[in-house]
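Written below as structure tokens is the structure these notes are about.
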Amino acid sequence: MKLLALFWIFFRIGLVSFGGVFAVLPELQRALVDGGLVTQEGFLRAFVLGQVVPGPNMAMCTVIGWHVAGLAGAVVAFVGIYSGPVAIMGAAYAGYHRWRNVTWVRRLELAMRPVVLGLLAASAASLMWTAAGTHHVLALLVAAVVGVLAATTRIGALAVLFIGAVAWSIGQALLP
Amino acid sequence: MDWLRVNLAIGTLSFGSASRIVLYEDAVVRERGWLTADEFSEVLTVAQLLPGPNLVNLSAYLGYRLVGIPGALLGIVCLCFPGAVLAVALSGVLAVDNPWVQAPLRGMAVAGIVLLLLFLWRRLPGLASTADPGRSASTRVRVARWLLLAAVGVAVLAGASLFAILAVAIPVGVILEFAL
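Protein sequence lines correspond, in order, to chains W and V. Per the working numbering, the very first residue in the first sequence carries number 1228; after that it's consecutive. Per the working numbering, the very first residue in the second sequence carries number 276; after that it's consecutive.
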């Protein structure tokens, strides 16, 4: 029963997670903490972990599932949170692919471009703020190095991330 | 198999939220040429506006398109599994307060954001497109689209809820497109 309840919480919240975990953080907290499944502290810990590990930050849901009901809980949380959006994308793919050459569908996609670019630009700005923390100068230096490299050479995106990691570590060792 | 490898690599090595969509563009458009830049733009719009983490949505949509349903599902597992396992493993030995653990993570996050900004820069000319590939949009339409982009950005940074923003911005975008 606990597993079923856990699945339902994550599935329901996955369906409305526009843009990722941030949009549903308050709702997750209400369902899980107020529902007595995890403590406030455990929730925060899971959130930090979700931000730290690679891949989607929804990884926090797997951590919570693990702490509530072990391996089965982790699997249930993993499947619960991702299955809704993945099914919706399947339907969207089928629909969009069939009609994408119809003029009004193309115009709809054009109409949404500014909204999508605006969302991404804003998240880039606020992420930069979070990533920099208190190290503003170092963040700017790393951004400049990476930016010049990425804009002028053809190195792959994963290599650029690696260079960023090395540059920040070196900078942190050198700067006071 | 190549598709699974792309997902596994991104799932293992990508830090920094929204900036990771660029990794898919790099892998699928620039390195392998499976999609054109314009097609990728369309996919991104769909992935961004529907519920779910945009990285997962993007992987799902590209997977359905490139390798069919089983491949798409496996791709998503490859994408999400490393982080989920790592998060559970780390939840016993949380050391994220250590500055030397944070340094590479912060560096990767900053690099990811820079990549995202470069990606956005390449997407901007798309704001001047119309449904007719041979014709570009009038100045009036272009200005309106820029204003909408700026308004959405400011609203997000001001802390408005995503639901509210989409509820307003989607109808406004549609009206701009079909009425101007």
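Backbone N, C-alpha and C define an ideal beta-carbon position, used for all residues, glycine too.
_Bridge partners - T404 of chain V, DSSP secondary structure assignment_ = Here residue 404 of chain V refers to the residue found at position 129 of the second sequence. Here the sequence assigns Ser to residue 404 of chain V, which means Thr is not the residue at that position. According to DSSP, which records beta bridges pairwise, S404 of chain V is partnered with V:S411.
*If we count the other Cβ atoms within 10 Å of its Cβ and call it buried at 16 or more, is W1395 of chain W buried or exposed?*
For this step, residue 1395 of chain W is matched to residue 168 along the first sequence. Result: buried.
*asked:* Any heavy atom of the ligand SAM inside 7 Å of the beta-carbon of F438 of chain V?
replied: You won't find the ligand SAM in this model; it holds no ligand whatsoever.
*By Cβ distance, which residues of its chain are closer than 7 Å to G1311 of chain W, with the 5 residues on each side in sequence left out?*
Stepping through the first sequence from its first residue, residue 1311 of chain W is reached at position 84. Same-chain partners within the cutoff: F1238, G1241 and L1242.
*Q1399 of chain W touches chain V at which residues, Cβ-Cβ below 9 Å?*
Taking the first sequence and counting its residues from 1, the one referred to as residue 1399 of chain W is at position 172. Within 9 Å Cβ-Cβ: P374, W375, Q377, A378, R381 and G382.
*If you check the beta carbons only, do L354 of chain V and G286 of chain V fall under 8 Å apart?*
As a working mapping, residue 354 of chain V is identified with position 79 in the second sequence. As a working mapping, residue 286 of chain V is identified with position 11 in the second sequence. Between L354 of chain V and G286 of chain V, the gap from beta carbon to beta carbon is short of 8 Å.
*Residue ranges of each alpha helix (DSSP H) within the region 1359-1396 of chain W, 4 or longer*: The qualifying runs are 1363-1379.
*Since P379 of chain V contacts A1392 of chain W with CB under 8 Å, what's their CB separation in whole angstroms?*
Within the second sequence, the letter at position 104 stands for residue 379 of chain V. Within the first sequence, the letter at position 165 stands for residue 1392 of chain W. With a contact defined as Cβ atoms closer than 8 Å, P379 of chain V and A1392 of chain W qualify at about 4 Å.
*To which residues does DSSP link F1245 of chain W through a beta bridge?*
Against the first sequence, residue 1245 of chain W aligns to sequence position 18. Looking at the DSSP assignment, F1245 of chain W forms a beta bridge with V:P326 and V:G327.
*Would a C-beta distance cut-off of 8 Å place Q1256 of chain W and F1270 of chain W closer than the cut-off?*
Translated into positions along the first sequence, residue 1256 of chain W becomes position 29. Translated into positions along the first sequence, residue 1270 of chain W becomes position 43. Cβ atoms of Q1256 of chain W and F1270 of chain W: closer than 8 Å.
_Backbone secondary structure at V1265 of chain W - three-state DSSP_ = For this step, residue 1265 of chain W is matched to residue 38 along the first sequence. Coil, per DSSP.
*Checking contacts by CB at 8 Å: is L1259 of chain W closer than that to chain V?*
Residue 1259 of chain W sits at position 32 when you count from the first residue of the first sequence. No, L1259 of chain W lies away from the interface with chain V (no Cβ there is under 8 Å from its Cβ).
*Contacting residues, own chain, Cβ-Cβ under 7 Å from I1390 of chain W (five flanking each side not counted)*: Within the first sequence, residue 1390 of chain W is the residue found at index 163, counting from 1. Only V1373 and L1376 meet the Cβ criterion.
*Mind pulling the chain V residues with CB within less than 9 Å of L1233 of chain W?*
Position 6 of the first sequence, counted from the start, is the residue given in the question as residue 1233 of chain W. Going along chain V, no residue has its Cβ under 9 Å from L1233 of chain W, so there is no contact; the nearest lies around 15 Å.
*Looking at the unbroken alpha helix (DSSP H) that takes in M1287 of chain W, where does it start and where does it end?*
The residue labelled residue 1287 of chain W in the question sits at position 60 within the first sequence. Counting along the chain, the alpha helix (DSSP H) containing M1287 of chain W begins and ends at A1286 to W1326.
*Which residue from V:A430, V:A426 and V:L451 puts its Cα closest to that of S413 of chain V?*
Along the second sequence, one-based indexing puts residue 413 of chain V at 138. Taking only the C-alpha atoms, the option nearest S413 of chain V is V:L451.
*In three-state terms, what does DSSP make of S1353 of chain W?*
For the purposes of this step, residue 1353 of chain W is taken as the residue at position 126 of the first sequence. Helix at S1353 of chain W.
*Closest Cβ-Cβ distance between P328 of chain V and chain W: below 8 Å?*
Here residue 328 of chain V corresponds to residue number 53 of the second sequence, with the count starting at 1. P328 of chain V has a beta carbon lying within less than 8 Å of a beta carbon in chain W.
_Suppose contacts are defined by Cβ-Cβ distances below 8 Å. Is G1317 of chain W in contact with A335 of chain V by that definition?_
Taking the first sequence and counting its residues from 1, one reaches residue 1317 of chain W at position 90. Taking the second sequence and counting its residues from 1, one reaches residue 335 of chain V at position 60. Yes; because the gap between Cβ atoms is below 8 Å, this pair is in contact.
*Can you tell which of W:P1283, W:P1281, W:V1290 and W:G1282 has its C-alpha closest to the C-alpha of L1259 of chain W?*
In the first sequence, residue 1259 of chain W corresponds to position 32, counting from 1. Out of W:P1283, W:P1281, W:V1290 and W:G1282, W:V1290 has the C-alpha closest to the C-alpha of L1259 of chain W.
*Note down the Cα distance separating I445 of chain V from E1336 of chain W, rounded to an integer number of angstroms.*
Locating residue 445 of chain V in the second sequence gives position 170, where the first residue counts as 1. Locating residue 1336 of chain W in the first sequence gives position 109, where the first residue counts as 1. Rounded to the nearest whole angstrom, the CA to CA distance from I445 of chain V to E1336 of chain W is 11 Å.
*Buried or exposed: where does V318 of chain V fall if 16 or more other Cβ atoms within 10 Å of its Cβ makes it buried?*
The sequence position of residue 318 of chain V within the second sequence is 43, counting from 1. It is buried - the Cβ of V318 of chain V has at least 16 other Cβ atoms within 10 Å.
_Check whether the region 346-366 of chain V and the region 1325-1342 of chain W are in contact - that is, three or more C-beta pairs closer than 8 Å._
Short answer: they don't touch.
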